[in-house]
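Trainee: In this note's numbering, the protein residues as written are 11 to 882. From the three backbone atoms N, C-alpha and C, an ideal C-beta is built for every residue, glycine too. Keep in mind the model is a prediction, meaning the values are calculated, not measured.
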């Protein structure tokens with residue numbers, strides 16, 4: 011893979027990206043459409059699924075939700091011939107041009123019958139130019155920074171259109187043309203295309219199959235080739251060719267009825283980690299909604315609200331340069347709702363809480379994900395979370411249920427007809443199924459709460475918390491400047507004026523005792539005069555006292571409760587707590603590790619008792635294990651505690667084996683304690699991203715919290731003197747954004763540790779900017795899969811595997827711990843092509859057929875063999 015480059019040149023210092031982010035503020039969301047696009051229709055089949063109502067209903071729903079008026083409208087325009095010919099042939103262009111204005115329906119129906127799933131209307135040529143030109147202009151506005159992101163509500167769609175062939179309702183390939191325009195004219199270097207239309211976008215794949223500048227990721231119904239377009243090249247082993255090896259991802263869906271949980275697993279296990287590693291400068295989504303519930307073409311069960319959750323993790327990648335382009339979708343209700351909620355997500359609104367419980371990834375999707383990872387793992391660092399096995403292991407391991415056996419089965423569709431049908435082409439779905447889906451969609455729409463408080467972020471800060479200080483040890487790392495510098499940087503970045511400040515208050519005795527014993531509270535209250543403090547602190551592990559310690563500690567805890575009230579009541583979407591002393595080490599009965607009262611633990615208990623919440627998620631990314639929080643909740647199934655920390659085999663503070671991966675809770679709380687313990691220093695963005703996507707986010711989604719509390723210690727940040735890790739400020743902003751998809755966006759970030767005042771100031775500032783909707787600079791993952799890997803990286807893989815092996819007993823979303831066949835060799839797929847394991851059903855001919863044979867121009871990939879060449 012290529013070494014990533016900074017968009018603005020060389021990074022000057024470790025905080026340069028965070029410095030550059032100072033003036034990166036959320037810009038408008040763009041929208042392009044043209045009312046004339048409703049003219050394109052099939053004149054000889056009134057029931058054709060690609061109908062004008064698709065376009066009309068999407069716009070109507072966007073207007074009903076007042077989304078259109080919030081967007082910056084982009085004027086539609088027709089693409090020029092030169093722009094079309096960036097990818098299509100002149101003959102292709104002229105052939106469609108000749109149909110313009112032709113009103114001989116019989117002649118046009120006959121002409122259309124030479125192509126698979128195509129109809130021609132007198133306006134088709136002009137509207138196809140309009141769709142392509144509008145897509146180009148949307149992309150150009152995104153790249154130029156005129157808009158932050160945007161959506162093209164257009165038709166005809168495009169992703170099936172090939173160099174010289176109309177196909178699948180498509181004439182000019184809107185997304186592919188705009189991508190090539192961005193590469194050639196706008197000089198964008200790396201583009202990620204995500205195609206979630208239920209049909210494989212073979213046209214887009216073929217255009218970029220050899221091009222390492224474009225990473226194409228398609229999720230589509232395949233059913234071993236029995237589903238349209240019935241191509242071998244749509245399977246998982248078509249991974250690119252020549253310099254494009256490893257840059258083409260196909261995730262085949264081999265059964266119908268795939269749910270939100272199946273799509274979420276694809277994103278978490280492969281797409282998002284690979285996207286972070288690829289570091290695109292632009293993301294384009296071929297957004298078909300035919301995998302949505304009720305669509306007769308897809309027969310899948312993705313609920314409309316879930317499309318917000320698919321867009322959300324992409325919003326902070328690629329400097330937030332994201333363009334969504336409408337493709338298919340043929341259930342008008344689910345199409346309109348899914349597309350409208352996609353646009354709502356682009357506008358920065360929180361992801362709606364899902365009405366229905368997430369189903370775990372089904373066995374079929376697990377197989378496809380494993381196969382896809384296996385085919386690509388030689389090319390991507392982030393796809394190494396699974397262990398491997400060899401032929402020797404097959405012979406010696408028993409049982410073998412932890413071994414994934416890669417297989418490839420291509421059945422294919424029926425032979426191509428001499429002429430393609432032009433009437434009654436819509437799938438036949440039983441009436442009872444249609445009615446059942448319609449009722450379910452109606453219920454989902456009614457019960458989905460589009461929750462969006464006017465206050466986006468509230469915060470607490472009080473200078474009185476500066477009083478707690480170590481007066482007998484100069485230079486102590488837990489110093490007042492920690493919160494003072496964070497606050498000052500928020501001022502400097504002009505964030506405070508965009509947030510609502512809440513009044514601070516002290517926690518009451520009753521509130522502190524939600525997490526602590528009365529004797530512990532009283533002992534802190536009775537702290538003596540200055541000359542006694544050093545001796546008192548020495549009784550505990552890493553604790554100091556000040557005459558104002560009790561006042562500051564209760565103020566910190568109470569101020570967090572202020573934010574809980576505001577967020578849980580729906581008066582603010584999220585909150586930031588710039589407080590000290592920190593809390594996550596504080597046990598129920600003793601102070602510990604600079605911590606007096608456990609602010610986040612008190613907040614979680616308060617949310618449960620005073621606001622009636624049933625599920626609270628605590629994510630603790632402080633570099634030290636939050637022993638206090640774990641112990642307070644280890645028997646409580648209402649609180650899911652996830653800690654990612656440096657452990658070093660129990661030799662790193664707090665030096666307790668309770669921080670290991672096998673500590674999963676007790677009694678009713680078994681499974682609700684998740685430890686991700688690092689056993690080496692030097693963990694950075696890549697390792698943390700893998701932990702988030704492979705473990706933290708899957709479990710968090712399955713838990714379905716009503717509130718997310720982040721114990722936000724920043725001592726794993728680059729430059730911290732105690733942590734020894736390398737997490738960048740922008741990565742913390744990314745993690746915050748990912749967590750904000752949960753709980754209707756109700757997330758509270760509460761400061762814990764972090765002892766380099768520059769590191770913690772930049773890191774918490776990036777978290778706040780993320781909550782405010784601002785772009786976050788891309789994380790830098792140092793390029794591709796380079797051997798030999800670092801000791802930290804190898805240790806990370808071991809930790810993830812150990813954690814998954816334990817937690818998969820309690821969380822069905824962690825179904826990806828199986829070992830994969832070992833692929834040796836470096837950055838090539840020779841071992842994949844010549845796989846000889848007895849349980850692999852893949853031949854060199856299979857793969858070459860899928861990958862385009864001997865490397866001829868990508869447009870010629872398997873046209874005859876695949877059955878996609880028209881009979882003319």
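1. Closer than 6 Å by C-beta to residue 429: which residues in its own chain qualify, once you throw out the five before and the five after it? Chain order, please.
2. With 16 as the cutoff for other CB atoms within 10 Å, does residue 637 come out buried or exposed?
3. Are the Cβ atoms of residue 720 and residue 629 separated by less than 7 Å?
4. If contacts are defined as beta-carbon pairs under 8 Å, then residue 641 and residue 655 qualify, I think. What distance do you get, rounded to the angstrom?
5. Could you tell me the alpha carbon to alpha carbon distance between residue 326 and residue 785, rounded to whole angstroms?
6. Determine, using beta carbons only, whether residue 624 and residue 648 come nearer to each other than 7 Å.
7. Per DSSP, residue 227 forms a beta bridge with which residues?
8. Between the segment 728-743 and the segment 565-579, do three or more beta carbon pairs fall short of 8 Å?
9. According to the neighbour-count rule (16 or more other Cβ atoms, all chains shown, within 10 Å of its Cβ), is residue 142 buried or exposed?
10. Select from 478, 493, 510 the residue whose C-alpha is nearest the C-alpha of residue 534.
11. Examine the Cβ distances between the segment 698-715 and the segment 290-310 and report whether three or more of them are shorter than 8 Å.
12. Determine the direct distance from the alpha carbon of residue 461 to that of residue 846, and round the result to whole angstroms.
13. Using a threshold of 7 Å, state whether the C-beta atoms of residue 340 and residue 59 are closer than that.
14. Would you check whether the ligand ZN has a heavy atom nearer than 6 Å to the C-beta of residue 378?
15. Around the Cβ of residue 117, are there at least 16 other Cβ atoms within 10 angstroms (buried) or fewer (exposed)?
16. Quick check: residue 568 and residue 516, are their CB atoms within less than 7 Å of each other?
17. Could you name the residues of the same chain whose beta carbon sits closer than 7 Å to that of residue 83, not counting the 5 residues immediately before and after it, in chain order?
18. Please determine, among 682, 644, 651, 690, the residue with the shortest C-alpha to C-alpha distance to residue 661.
19. Would you list the one or two residues that DSSP bridges to residue 688?
20. Measure the C-alpha to C-alpha separation of residue 885 and residue 765 and round it to an integer number of angstroms.
21. By how many angstroms is the C-alpha of residue 63 removed from the C-alpha of residue 71?
22. Use the C-beta contact count for residue 513: other C-beta atoms within 10 angstroms, 16 or more gives buried, fewer gives exposed.
23. Can you list, in chain order, the residues of its chain whose CB lies under 6 Å from that of residue 601, leaving out five sequence neighbours each side?
24. What is the rounded straight-line gap between the Cα of residue 158 and the Cα of residue 499?
25. Within the same chain, show all residues whose beta-carbon is closer than 6 Å to that of residue 849, passing over the 5 residues directly before and after it, in chain order.
26. Cα separation between residue 511 and residue 474?
27. The alpha helix (DSSP H) spanning residue 668 covers which residue range?
28. Contact check, residue 616 vs residue 752 under 8 Å by CB: the rounded distance?
29. Using three-state DSSP, classify residue 175 as helix, strand or coil.
30. Which one of 365, 171, 816, 197 has the shortest CA to CA distance from residue 186?
31. Is the distance from the Cβ of residue 468 to the Cβ of residue 585 below 7 Å?
32. Can you grab the Cα-Cα spacing for the pair residue 420 / residue 208, in whole Å?
33. DSSP three-state call for residue 858: helix, strand or coil?
34. Can you tell which of 261, 735, 23 has the C-alpha that lies nearest to the C-alpha of residue 377?
35. From the DSSP output, in three-state form, read off residue 314 for me.
36. Would you please state the rounded distance, in angstroms, between the beta carbons of residue 435 and residue 138? I believe it to be under 8 Å.
Mentor: With the structure as the only source:
1. Here residue 429 refers to the residue found at position 419 when the chain shown is read from its first residue. Here the set comprises 123.
2. The count along the chain shown starts at 1 and reaches residue 637 at position 627. Residue 637 should be labelled buried.
3. Taking the chain shown and counting its residues from 1, one reaches residue 720 at position 710. Taking the chain shown and counting its residues from 1, one reaches residue 629 at position 619. Their beta carbons are under 7 Å apart, which means residue 720 touches residue 629 by this criterion.
4. For the purposes of this step, residue 641 is identified with residue 631 of the chain shown, where counting begins at 1. For the purposes of this step, residue 655 is identified with residue 645 of the chain shown, where counting begins at 1. Contact doesn't hold; Cβ gap of about 15 Å is too wide.
5. Working through the chain shown from its first residue, we reach residue 326 at position 316. Working through the chain shown from its first residue, we reach residue 785 at position 775. Residue 326 and residue 785: Cα-Cα distance of roughly 6 Å.
6. Counting from 1 along the chain shown, the entry for residue 624 is found at position 614. Counting from 1 along the chain shown, the entry for residue 648 is found at position 638. Yes.
7. Here the question's residue 227 lines up with position 217 in the chain shown. Per DSSP, 204, 259.
8. no
9. Here residue 142 corresponds to residue number 132 of the chain shown, with the count starting at 1. Per the 10 Å Cβ criterion, buried.
10. Reading the chain shown from its first residue, position 524 is the one you call residue 534. Nearest C-alpha to residue 534: 478.
11. no
12. Taking the chain shown and counting its residues from 1, one reaches residue 846 at position 836. Taking the chain shown and counting its residues from 1, one reaches residue 461 at position 451. Because the pLDDT of residue 846 is 29, which lies under 50, any placement of that residue in the model is unreliable, and the question is left without a value.
13. Your numbering for residue 340 matches position 330 in the chain shown. Your numbering for residue 59 matches position 49 in the chain shown. Their beta carbons are under 7 Å apart, which means residue 340 touches residue 59 by this criterion.
14. With respect to the ligand ZN, the structure shown offers nothing to examine, as it has no ligands at all.
15. On the chain shown, position 107 is the one that residue 117 refers to. Answer is exposed; the Cβ neighbour count stays below 16.
16. Working through the chain shown from its first residue, we reach residue 568 at position 558. Working through the chain shown from its first residue, we reach residue 516 at position 506. Yes. Within cutoff.
17. In the chain shown, residue 83 corresponds to position 73, counting from 1. So the qualifying residues of the chain are 41.
18. The count along the chain shown starts at 1 and reaches residue 661 at position 651. With distances taken between Cα atoms, residue 661 lies closest to 690.
19. As a first step, residue 688 is located in the chain shown; it is residue number 678 there, counting from the start. Answer is 656.
20. With the chain running from 11 to 882 in the structure shown, residue 885 is simply not present.
21. Reading the chain shown from its first residue, position 61 is the one you call residue 71. Reading the chain shown from its first residue, position 53 is the one you call residue 63. Each residue's Cα considered, the two are about 12 Å apart.
22. To locate residue 513, count along the chain shown from 1; it is residue 503. Exposed, because fewer than 16 other Cβ atoms sit within 10 Å of the Cβ of residue 513.
23. Against the chain shown, residue 601 aligns to sequence position 591. Cβ within range, chain order: 550, 553.
24. Along the chain shown, read from residue 1 onward, the residue named residue 158 stands at position 148. Along the chain shown, read from residue 1 onward, the residue named residue 499 stands at position 489. Each residue's Cα considered, the two are about 24 Å apart.
25. As a first step, residue 849 is located in the chain shown; it is residue number 839 there, counting from the start. Confidence at residue 849 is low in this model, with a pLDDT of 32, below 50, so its placement is unreliable and no value can be given for it.
26. For this step, residue 511 is matched to residue 501 along the chain shown. For this step, residue 474 is matched to residue 464 along the chain shown. In a straight line, the C-alpha of residue 511 is about 15 Å away from that of residue 474.
27. Stepping through the chain shown from its first residue, residue 668 is reached at position 658. Premise fails: residue 668 is in no alpha helix (DSSP H) and is neither H nor E.
28. Residue numbering aside, residue 616 sits at position 606 when the chain shown is read from its first letter. Residue numbering aside, residue 752 sits at position 742 when the chain shown is read from its first letter. 19 Å between Cβ atoms; not a contact.
29. Residue 175 sits at position 165 when you count from the first residue of the chain shown. Three-state DSSP puts residue 175 in a strand.
30. Here residue 186 is taken as the residue at index 176 of the chain shown, counted from 1. Ranking 365, 171, 816, 197 by Cα distance to residue 186 puts 171 first.
31. To locate residue 468, count along the chain shown from 1; it is residue 458. To locate residue 585, count along the chain shown from 1; it is residue 575. Taking 7 Å as the Cβ cut-off, residue 468 and residue 585 qualify as a contacting pair.
32. Counting from 1 along the chain shown, the entry for residue 420 is found at position 410. Counting from 1 along the chain shown, the entry for residue 208 is found at position 198. Straight-line Cα distance between these residues: approximately 18 Å.
33. As a position in the chain shown, residue 858 is number 848, starting the count at 1. Residue placement at residue 858 is poorly supported in this model, since its pLDDT is 34, which falls under 50; the coordinates are not used for a value here.
34. Indexing the chain shown from 1 puts residue 377 at position 367. Residue 261 is the option with its Cα nearest to residue 377.
35. Within the chain shown, numbered from 1, the residue matching residue 314 stands at position 304. Looking at residue 314 - three-state DSSP - the assignment turns out to be coil, as it is neither helix nor strand.
36. To locate residue 435, count along the chain shown from 1; it is residue 425. To locate residue 138, count along the chain shown from 1; it is residue 128. With 8 Å as the limit, residue 435 and residue 138 do not qualify as a contact, their Cβ atoms being about 20 Å apart.
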